[in-house]
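Participant:
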Ligand SMILES: Cc1cc2nc3c(=O)[nH]c(=O)nc-3n(C[C@H](O)[C@H](O)[C@H](O)COP(=O)(O)OP(=O)(O)OC[C@H]3O[C@@H](n4cnc5c(N)ncnc54)[C@H](O)[C@@H]3O)c2cc1C
Ligand SMILES: Cc1cc2nc3c(=O)[nH]c(=O)nc-3n(C[C@H](O)[C@H](O)[C@H](O)COP(=O)(O)OP(=O)(O)OC[C@H]3O[C@@H](n4cnc5c(N)ncnc54)[C@H](O)[C@@H]3O)c2cc1C
Ligand SMILES: Cc1cc2nc3c(=O)[nH]c(=O)nc-3n(C[C@H](O)[C@H](O)[C@H](O)COP(=O)(O)O)c2cc1C
Ligand SMILES: Cc1cc2nc3c(=O)[nH]c(=O)nc-3n(C[C@H](O)[C@H](O)[C@H](O)COP(=O)(O)O)c2cc1C
Ligand code: FES
Ligand code: FES
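Residue numbers (this note's numbering), protein chains in the order written: chain P, 1 to 299; chain R, 300 to 598; chain X, 599 to 938; chain C, 939 to 1278.
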């Protein structure tokens, strides 16, 4: 095979550690090659069910952390919430079992270009549920650049928070909220976020979590003059850009809205570019002004 | 549910031991209820692939032995040759993994009615490859009745023989043959069987193995005035009599040939009742004189 | 505007008394002649033999109805073997309608089902419209007809001898002729359920033709034509060359067929009659999927080969799924996924 | 008479030099105008985007041909989401032919493929026969047409605006009209491959109509119509309500379609032309199954979503399977499961 620009690998990943963390399972796979290429915000696609599987499609998970080398060669960690057949299979894997892993996939969180660390922008990192998984690594990279980093973690209840302890180490300030008040502020992220942005004078808000939260974060950031960078989670059949199932309406720099693939052009988008008006009740429609919408009306 | 005559059970079987024996895997499952009901010649149907499986159909295996009670409750042993996706999955199971088991299924080997042990008929038990698996248990039952039992085990090569050591304990005489001469007589069962029948004055020949061998055993038994009881192996979709895929042409007591289900009316048939003339090259046709063959010709 | 940050908690199964409170009764009768079944779960024709085999696993009275293997006029040996191949999430079969013929069927099989108090949906087949009618007539005259037969399922997915073996269900006229003659051979109020093949360009056309000619209900879908090749012997795997594909693999085709025909009924393009859904049902969720697409009752076929208890298990799972979603009865859920 | 007592030893894979010796070349050209491809493996339209995405995993020149996503005249946004559902051993999709339109396609996508020396089978679509023809004409005039385009695949599984949205491929006349106009828009020796839908009563009729009207080959099969219901939201799972079912689940339908049409060719009921097989191919064995049923080339679609390297992996596995069975070339295996 001719030499290709290898920016992605497909490997059989051996599970070497699996531990319960609240409502989630934290898994470590040996996956040589991925760690070297990955950056915060990238995701991996795992095949599920083994050789007899009726489940053809891969499942995507944000990379929680990577270790480029070590006793086992490079490793990749993911944090998985068991919600269906695929995630149940993945969380049920036992050490030394393997599954195929493709990664790193997608576009990572853009990091601010910092010439003088003194000018580094303050950032707020917002994670909903397991959405916090990729943020600790991101926090590290940002602080390396000199950014002040605050984290806001929210979930329905304490067991659905991920990484509260890590957050205290990774960030300069941490705010927790739960719907039921079982830990931290009782209520929604949207209630605490404005305070955190104001207090830290944040210029960038990074967020990962459910769509509703991302929209809310985008609106709050905008109201405070900050840029929102949000990592979305659309149902993906391939994860590598070939199926066109994961699209969503996003405005380009030219102001035009296009149905773009969230697996290759995302999963991280600038929040203010996402056409949140098109989402409702689990459906996303094509905005009338989107490129090619007229072509659809023809037939 | 109203009380039914429970002659079959469907249980989640936990694997408690799995060991390589030559080319085969010998598996022990905890399967309460089956041991109590099973007799030599019965088989079990195992589901394969677990909850994400694309393989809907069960795989059938002769019961090698059962232990009605014990530390684990009843257990069932099977001996599996990994030849395809299902048998590979089964032989790849690790201790404490489970799969659904239905059994006992089919009709067991008929045992001679013996009033006086002195009159007990001598029997020869012929096993081809893993086909010997159900015979040791059968030998035990026959010897309990006072029968003189000889075993003939054959296979392509030594590693494909099963139970050579057990045979020496279970039988009064053992003859081994392999195609390549790696153990015992070099050649086919059909070459040694006549001698064994004559020497032991056997009145019944029990056999389990490939179809070609069963036909051959039937012919040799007939030539020596013995009855052949053969356990066949037809592809089975259900194993419980509801799908009609496992049929073969067998003559009834009334002399009429019917396409009978080998899962419920077999797998053990009197060899001379099987219409061997209908089998050829992996196909089995419906004999012209079979019941209902005329109905097929109509349309 | 603000949004809650919460992951949906995977709700535990509801207490079984809620499921027990769901009214499972369904009516598969023609309009004006209700035929109430205690629950919507049935075996599928050809996937359950004729009773005794599954009675080892559950009492046949537990079913809404027991659907028998399609029976023809004469005894049939069926085809040679191999008759099956496993396929991804499904299987291919080519049995060739092996059976005892209608006379032996009524004296032996139907008798057994009567003795065991089963409700029976008798599946009939034929190589000509006349044969269908004769089989129906023999059935109607049988001693057990009145008290055990809850309906007749007309399997028109068999080759029409008069038309180069094209299956009846592929042609509206041929299908209609069968229904007309069967209708004439059975008492007025006997449910006549036409079982349709998905292998047609427009299934609603066939459905409409059957209903116009006297069918009082529809079963969808029969197997779809498929083929597997034996790559060692380099020839078709099943002796019949092509075979019927079934199992979870085809469930999306069944849902689609039920949806399309239900839509046509809702749009007034044909009368609204009970639909019996079949195709790849493995769990209560699957049964619910067919029901909300428009089916009143549901058959479990191929999955029975994996789990002989499936028809009864699916019934109980269905009750739990309905309770979970706040449905008080099966009828409330029929067609519930269609726009109101 | 006596029989050997021997279990077939599961033979190990043959040495790869045997596989390497297999002649993988195939000809997908019209008669008299050979179009030789170095191997029979292709991507499937809509399952590989237009090149760069898979080029991250393997060099696009490794393929026999790269099949592009069906392109129409205008840019299209495609449908809203959700656009997919996973199904047992398959998936349902409802993309709505999202694409850049033929002008941007030739200037950007085809350009990229040309720069990377790909052999391209361009898939075209339209809402009317005229639109198909216009798309073909624009393609034929493009600068890269002559050196990269090895053929045009005509996706007639799209709704015919003039006929209440019935897909062209469900009607022989509509299909033929498309072929006629496309034929007129392309150079004489360009392979024109009609891609057929399995959702018809008689696929051989459609195939024959396409060939008569100017198609020089056939691709079988496109997705089959299916549906999945979202049981939480109680509505169709995909925004397009119904969708196309694909993946290993439907492979037996693809094998059957290829077999039926090949049989019709062998019986002289239509001319013998190259068939490109597609539907559920996951392994070299699966590719071989389509080939021995009658396909000259094989596309890998849905399975690419599971394994982006699948098209190239399947090619290598196919070579090994052929060598295993003593075939010296792909051509020797084409149709090999048919009676001689
Ligand atoms: C970029 C990205 C990053 C993600 N990161 C994480 C993570 O770090 N941890 C985590 O627990 N989950 C994560 N998810 C969600 C995870 O992929 C889904 O929960 C998972 O696919 C569900 O599979 P299932 O078989 O359990 O559920 P099922 O509902 O049985 O899945 C059926 C099908 O729908 C798709 N699907 C269902 N829900 C989702 C979803 N929310 N997002 C995408 N596809 C879905 C599945 O992939 C599958 O194809 C991420 C998703 C994306 C797209
Ligand atoms: C009554 C009975 C007893 C058996 N006892 C044993 C035993 O003790 N040990 C053992 O190793 N094997 C035994 N077999 C054979 C065993 O069932 C098959 O080897 C197994 O089903 C192959 O499954 P697979 O998925 O590995 O192969 P695949 O070829 O992938 O199977 C595909 C399909 O064909 C069926 N099939 C394939 N080969 C056979 C076969 N030889 N017999 C029946 N069905 C087949 C499978 O069940 C499956 O449905 C027995 C079979 C029967 C019917
Ligand atoms: C082995 C087998 C035999 C069948 N025989 C019949 C039959 O005799 N009559 C009939 O109407 N359908 C028959 N069918 C079709 C089923 O009743 C059912 O319509 C189809 O298999 C789809 O449902 P499933 O996916 O649940 O099996 C048969 C199916 C199988 C698998
Ligand atoms: C997501 C998706 C998009 C597709 N888009 C097209 C398309 O644009 N044009 C086309 O002719 N076929 C399209 N197909 C059909 C495939 O090319 C192929 O015919 C079908 O999926 C069966 O093959 P498979 O089982 O290997 O996927 C698409 C299939 C899928 C799954
Ligand atoms: S998931 Fe396939 S294109 Fe994005
Ligand atoms: S295997 Fe189903 S009837 Fe015997």
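Note that the Cβ used here is the ideal one computed from N, Cα and C, for glycine as well.
Report the residues of the stretch 977-992 of chain C with a CB closer than 7 Å to any CB of chain P, ordered along the chain.
Facilitator: The stretch 977-992 of chain C vs chain P, Cβ under 7 Å: 985, 986, 987, 991 and 992.
Participant: If you follow the alpha helix (DSSP H) that residue 218/P is in, where does it begin and where does it stop?
Facilitator: 211-223
Participant: Could you give the residue range of the beta strand (DSSP E) that holds residue 26/P?
Facilitator: 24-30
Participant: Return yes when at least one heavy atom of ligand 6 lies under 6 Å from the C-beta of residue 562/R, else no.
Facilitator: Yes, the Cβ of residue 562/R comes within 6 Å of a heavy atom of ligand 6.
Participant: Consider the Cβ of residue 18/P: report whether some Cβ of chain R lies at a distance smaller than 7 Å.
Facilitator: Taking Cβ atoms only, chain R never reaches closer than 7 Å to residue 18/P, which makes this a no.
Participant: Please determine, among 766/X, 745/X, 743/X and 746/X, the residue with the shortest C-alpha to C-alpha distance to residue 752/X.
Facilitator: With distances taken between Cα atoms, residue 752/X lies closest to 766/X.
Participant: Cutting at 6 Å between CB atoms, please list the residues of its own chain near residue 411/R, excluding the five before and the five after it.
Facilitator: Closer than 6 Å at Cβ, skipping near neighbours: 420.
Participant: Name the two residues that bound the continuous alpha helix (DSSP H) containing residue 194/P.
Facilitator: Annotation for residue 194/P: the continuous alpha helix (DSSP H) segment containing it runs 189-200.
Participant: How close, in whole Å, do the beta carbons of residue 577/R and residue 548/R come, if the pair is a contact with beta carbons under 8 Å?
Facilitator: 5 Å
Participant: With a threshold of 7 Å between beta carbons, is residue 679/X in contact with chain R?
Facilitator: By this cut-off, residue 679/X is an interface position.
Participant: Apply the 10 Å Cβ neighbour rule to residue 1165/C and answer buried if 16 or more other Cβ atoms are within range, or exposed otherwise.
Facilitator: buried
Participant: Using the C-alpha atoms, what's the distance from residue 414/R back to residue 497/R?
Facilitator: 24 Å
Participant: Find the residues of chain C that neighbour residue 241/P, judging by a C-beta separation of less than 7 Å, and give them in chain order.
Facilitator: 987 and 991
Participant: Beta-carbon of residue 943/C versus every beta-carbon of chain P: anything under 7 Å?
Facilitator: Unreliable placement is indicated for residue 943/C, whose pLDDT of 36 sits below 50; no coordinate value is reported for it.
Participant: Anything in chain R within Cβ reach of residue 80/P, meaning under 8 Å, just list it in chain order.
Facilitator: Simply none; closest approach about 15 Å.
Participant: Answer yes or no: the CB of residue 640/X versus the heavy atoms of ligand 5, is any distance below 6 Å?
Facilitator: no
Participant: Taking the C-alpha atoms as reference points, what is the distance between residue 1145/C and residue 1204/C?
Facilitator: 14 Å
Participant: Since residue 239/P and residue 208/P should fall inside the 8 Å C-beta cutoff, what is the C-beta to C-beta distance between them, to a whole number of angstroms?
Facilitator: Not a contact, Cβ separation roughly 17 Å.
Participant: Which same chain residues end up closer than 7 Å to residue 906/X when comparing Cβ atoms and leaving out the 5 residues on each side of it in sequence?
Facilitator: 652 and 655
Participant: What do you reckon, is the C-beta of residue 243/P under 6 Å from a heavy atom of ligand 5?
Facilitator: yes
Participant: Determine whether the Cβ of residue 1110/C lies closer than 7 Å to any Cβ atom of chain P.
Facilitator: no
Participant: Indicate, with yes or no, if ligand 4 has a heavy atom lying under 6 Å from the CB of residue 1216/C.
Facilitator: yes
Participant: In the structure shown, what three-state DSSP assignment does residue 96/P receive?
Facilitator: Annotated three-state conformation of residue 96/P is coil, per DSSP.
Participant: Going by the C-beta, is residue 1033/C closer than 6 Å to any heavy atom of ligand 8?
Facilitator: The model on display carries ligand 1, ligand 2, ligand 3, ligand 4, ligand 5 and ligand 6 but not ligand 8.
Participant: Which residues mark the beginning and the end of the alpha helix (DSSP H) in which residue 457/R is found?
Facilitator: Annotation for residue 457/R: no alpha helix (DSSP H) segment contains it, and DSSP assigns it neither H nor E.
Participant: Can you list the residues of chain R that residue 48/P reaches, using a CB-CB cut of under 9 Å?
Facilitator: The answer, in chain order, is 351.
Participant: Taking 6 Å as the limit between beta carbons, can you name the residues of its chain near residue 868/X, skipping five residues before and five after?
Facilitator: 806, 809 and 862
Participant: Can you tell me the Cβ-Cβ gap for residue 328/R and residue 400/R, rounded? I've got them flagged as a contact below 8 Å.
Facilitator: 6 Å
Participant: Can you list, in chain order, the residues of its chain with a C-beta nearer than 8 Å to that of residue 1188/C? Leave out the 5 residues immediately preceding and following it.
Facilitator: 1028, 1136, 1159, 1161, 1162, 1217 and 1218
Participant: Determine which residues of the stretch 822-851 of chain X have a Cβ less than 8 Å from any Cβ of chain R, and write them out in chain order.
Facilitator: 828, 831, 837, 845 and 846
Participant: Taking 6 Å as the cut-off, does the CB of residue 239/P come closer than this to any heavy atom belonging to ligand 5?
Facilitator: The beta carbon of residue 239/P sits closer than 6 Å to at least one heavy atom of ligand 5.
Participant: Beta-carbon separation of residue 695/X and residue 723/X under 7 Å?
Facilitator: yes
Participant: Beta-carbon of residue 887/X versus every beta-carbon of chain C: anything under 7 Å?
Facilitator: yes
Participant: Please compile the residues from chain P whose C-beta is within a distance smaller than 9 Å of the C-beta of residue 384/R.
Facilitator: Within 9 Å Cβ-Cβ: 51 and 52.
Participant: Report yes if the C-beta distance between residue 74/P and residue 35/P is below 7 Å; otherwise report no.
Facilitator: yes
Participant: May I ask whether a heavy atom of ligand 2 can be found less than 6 Å away from the beta carbon of residue 535/R?
Facilitator: yes
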